Each structure stands twice: as structure tokens, then as C-alpha cells.
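> Once you know that position 214 of the sequence shown is 214 in UniProt numbering, the rest is easy, because the numbers rise by one and skip nothing.
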Amino acid sequence: MAATKLSGSDPSPQPGDHILIIGAGITGLTLAQALRKRNSENPSAAPIHFSIYERDEHALARGAGWALSLHWALGQFTALLPQELVQRLPEALVDPDSAARGELGNFRLFNLQTGKDDFMTPPSDSPRNRFSREKLRRLLMDGLDIHWSKNLETIDYPKQGEVVAQFSDGTSATGTILVGCDGSRSQVRRVLCPANYENNVVPIRLLGVTAPYSPERCKPIQALDRYFFQCCDPATDTFMFYGFLNVPTLKEQDATTETLPITCQVLTSWPCRPGFMGKDEVTEVPVENNDRLMLMKSISAGWVEPFKQLVHDIPDTAEVKVVNLEDWPPQKGAWNNREGRVTLIGDAAHAMTMYRGEAANHGIADVRVFLEQFVPGEGEALKSKIDAYEVEMIERTRPAVLRSRKACLHAHDYASVTDQSPLIARRAIVADDED
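(1) Along the chain, which unbroken stretches of the alpha helix (DSSP H) at least 4 residues long are found entirely within the region 350-384?
(2) By how many angstroms is the C-alpha of Gln265 removed from the C-alpha of Gly180?
(3) Between the C-alpha atoms of Leu423 and Leu267, what's the straight-line distance to the nearest angstrom?
(4) Which partner residues of Val266 appear in the DSSP bridge assignment?
(5) Taking contact to mean 3 or more Cβ pairs, one atom from each stretch, closer than 8 Å, check whether the region 289-296 and the region 310-329 are in contact.
(6) So is Arg419 buried or exposed if we call it buried at 16+ other beta carbons inside 10 Å?
(7) Under the rule that 16 or more other beta-carbon atoms within 10 Å means buried, what is Gln230, buried or exposed?
(8) Please report how far the alpha carbon of Leu112 lies from the alpha carbon of Asn42, in whole angstroms.
(9) Check Pro13 in the structure and name its three-state DSSP category.
(10) Is Asp254 helix, strand or coil by DSSP?
(11) Could you tell me which of Ile52, Val202, Lys159, Lys385 sits nearest to Met352, measuring between CA atoms?
(12) What first and last residue would you give for the alpha helix (DSSP H) that runs through Asp182?
(13) Relative to the ligand PLP, is the shortest distance from any of its heavy atoms to the C-beta of Thr257 smaller than 7 Å?
(14) With DSSP run on the structure shown, which of helix, strand or coil describes His18?
(15) Less than 8 Å separating the beta-carbons of Arg133 and Ala67?
(16) Does the region 270-288 come into contact with the region 217-224, if we say contact requires no fewer than three beta-carbon pairs (one atom in each stretch) closer than 8 Å?
(17) Report buried or exposed for Asn196, applying the criterion of at least 16 other Cβ atoms within 10 angstroms of its Cβ.
(18) Rounded to whole angstroms, what's the CA-CA distance from Glu390 to Asn337? Just pull it up for me.
(19) For Glu54, count neighbouring C-beta atoms within 10 Å of its own C-beta (all shown protein chains included) and say buried if the count is 16 or more, exposed if not.
(20) Enumerate, from N- to C-terminal direction, the unbroken beta strand (DSSP E) stretches of 3 or more residues contained entirely within the region 46-74.
(21) According to the neighbour-count rule (16 or more other Cβ atoms, all chains shown, within 10 Å of its Cβ), is Thr176 buried or exposed?
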């Protein structure tokens, strides 16, 4: 659907306004569903049309993925979604039965030499849920028409109030606003910031595995936490994250005579510096899968139980994935929004490491703030609206990116970890800027 052409000097939203959403990850899909809800609940207002363009070939191209926590932004998330999707959110939880019992998890950090939980993140006043990324993404696709295999190449601005996305297959799409929701290695960001689009590489290396464990094997682990826990090794400055990705419900288990496995996520990371584990050279990620798994088991060899065996129980057939730890703190004036015709949301705007578990929460907050600029009846110029969104987003997320970076570094320098460390501190919006 083409956008209605606007006339006059004021490119503010008019009937037929059309948002081009580049990227069908969690943030892009949330934006699309929020627009659906906004249009259905405001039938007398001019609709905001939208289209979604995703570089993946199909819905399952990304694989199973891992999990994400929504905590301080959970209320914002449910407020953005159509009610029928809110009612179905339990379908996407990693452990629906535990969530139904009101179990929230404890955000504990264990010492891999003593087995003690040395730290615990202070509880939040907000409810929180742990979602399977794959299940949540598929749920958010419901009712949406997504254009697959659309790799953005360039963005053109042929006339006032118009933006055109050019794709590698020779097709194009025209709208009034283009929103880059295309992840931490965003092509939209690359187009907008050709001189400084690249992420900063954090000097940490990380390997991750998805592996099945029997319910009996998981019982003592679930006693530590129903969702996930973090661990640090003071002896080697290595880090472990263990989380549950899919815990079958009692109803699912009762429906079969077979014992359903519990799918878990195991991450191991280490400092990329000479001297690690007594080696003069930097320990880089091995090329071969078997060597990667051997490295994970070697790193965990000196850990106390039950943590050591959780790594050593990973089957030899498991695929070991490399996670690149990178970030991109947004700065005021880093890009030109072309009179409000283009902007960035989510990881495209503020890629951050996972060590505070806040990336998805800030992406949800981005969507809320962005949509607040399009309240029916507001006639402000489009540039003013997008400027207002970007000011709030940058002020909120730049400190978050830097705190996540510091949390990552503290996780691999145990002497730095305190109750005030970003690795431990309460998950919340913090308005400071720590370079």
C-alpha cells in the first residue's frame, strides 16, 4: 500500500500516513501490533498504515533462539498489545506452570569456587516474565503480513513527506516514515551513520549451547532458580549463565507416556586478554564445533558442583554458537532523521550486551515513546515528533548501554563486583552517563 502524498510545508501525520518497519524481530513486531491496536481502538482517527520488511527468508529462518526477560517494561509491553495477544502470552513463557504459581525468580549470582550465592539483584516493584524468544516472536507475528527476504540496500527521500526503501531484489516500498528495527547490526543505521555505524567490540568472548536435560536432572537446578541464574569464577574471571528455555507443563507431560526433556541454555564467557588460564596468548573462539565444546568444558573444569557438570553434560552433538559481544551507545546528532522521515528503534538504536538483561525492555520503551508522538488529534510537525522521540530515547538508552558494558566487564573481573555493580544493581532506568 503506497502512502498518501502530503502537500504543503507541514509534513505532519495525515490520513494515509504509512510507516515502513524494517525488521521483524521482537521490537519491530511489537510496533506493528501496537499500531494495529491503536488503529482498532481509534476508528474515528486517521489510521496509521504500516508494512513490515524482514531480511530473513521465512519465519523459522533464525532457528530456535534463546530467551529474554521483560521486567520494568512488562507493563508497557502488555499495554501496547491487542488484548487477544495479551491473553495468549503464557504460550510464550519458558515455564508457564511456575509463572502461573506466581514464581518470579531471584536473579542470583553464584560463586563458581564456593557454590554460594554471593549476590542477588534487588527485587523490582514490577512484575516480570521470562519468554522464549522464538515463541514470543511467532506469537507477535499473528495477524501480520510480513514481507520476507527483503534486504534493505538504500533509503531515498524523493520529495517532502516521502521516504523510499530500496531492497536488494530490486523492489522498493514508499512511506512517510521509515523505522529501523533491524537489530544490532542494522542496515538502516549503516545508511544513516556511514561514518560511525559499527558496533564497539567488548573484549569478552562467549559461547552458548542449547541442550536437553531430563526433568530428574533439572530438579536440583530448578531449586536454585525456576528461570535462570548467573555465576562467576573468582579464580579465572570466567562467567556462566544457565537458563531454562522450555519447561513442559504438567498438562503436556500428562498427555504423553514419554518423559519430555527440559530444554536449557548454557553460556560460558571469558576475558579476551593475555594470561587467561595461564596462556600467554589471547584465547580466541575456536573454529570447529568440537573444539568450542572442549573449550567450554576446559573452562569449567575447576568449578564446583553442580555447575561444572551442567557444562560437562552437554552432548557432543550440540551446536556451540558464538555470541559477539558488541554495543553501540547512541549519541545526540549521530544521524539526520530527514525531517522526521527516518529513525531507529531497539537494538538498531542502542545495541547493548546481555549482562543486565535490559535490551528488550528498552526496545519496548522505544515503541511506547515513539507511538506517544502520534496521539490522535495532535497536529505537531512530524520532525518535532521524531525529534522528541529521539531525545528521550537517547537520554534513556545511552546510560543503559554503558551500564550493560560495565556489567559485562565486571562479570569477568570478580574483584569489581559489589552490590552497586551494574551486574547486580536493580534493573531500572538509570539516568547517568558512565563512559
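Each residue gets a CB set at the ideal place from its N, CA and C atoms; glycine is no exception.
Since we're looking at a predicted model, the values are computed, not measured.
If we stick to the structure as given:
(1) The qualifying runs are 359-372.
(2) 29 Å
(3) 16 Å
(4) Partner(s): Val209, Tyr242.
(5) The region 289-296 is in contact with the region 310-329.
(6) The question names Arg, yet the displayed sequence has Asp at residue 419. Its Cβ having fewer than 16 others within 10 Å, Asp419 is exposed.
(7) Per the 10 Å Cβ criterion, buried.
(8) 54 Å
(9) Caution applies to Pro13, whose pLDDT of 40 falls short of 50 and renders its modelled position unreliable; the value that the coordinates give is listed next. Looking at Pro13 - three-state DSSP - the assignment turns out to be coil, as it is neither helix nor strand.
(10) helix
(11) The option with the nearest alpha carbon to Met352 is Val202.
(12) For Asp182, no alpha helix (DSSP H) segment is defined, and its DSSP state is neither H nor E.
(13) The ligand PLP is absent from the structure shown, which contains no ligand whatsoever.
(14) strand
(15) yes
(16) no
(17) exposed
(18) 9 Å
(19) Under a 10 Å Cβ-count criterion, Glu54 is classified as buried, with 16 or more other Cβ atoms of the shown protein chains found around its own Cβ.
(20) If only complete runs of 3 or more residues are kept, the region 46-74 shows the beta strand (DSSP E) at 49-53, 67-70, in order along the chain.
(21) Counting every other CB atom within 10 Å of its CB across the protein chains shown gives Thr176 a total of 16 or more, marking it as buried.
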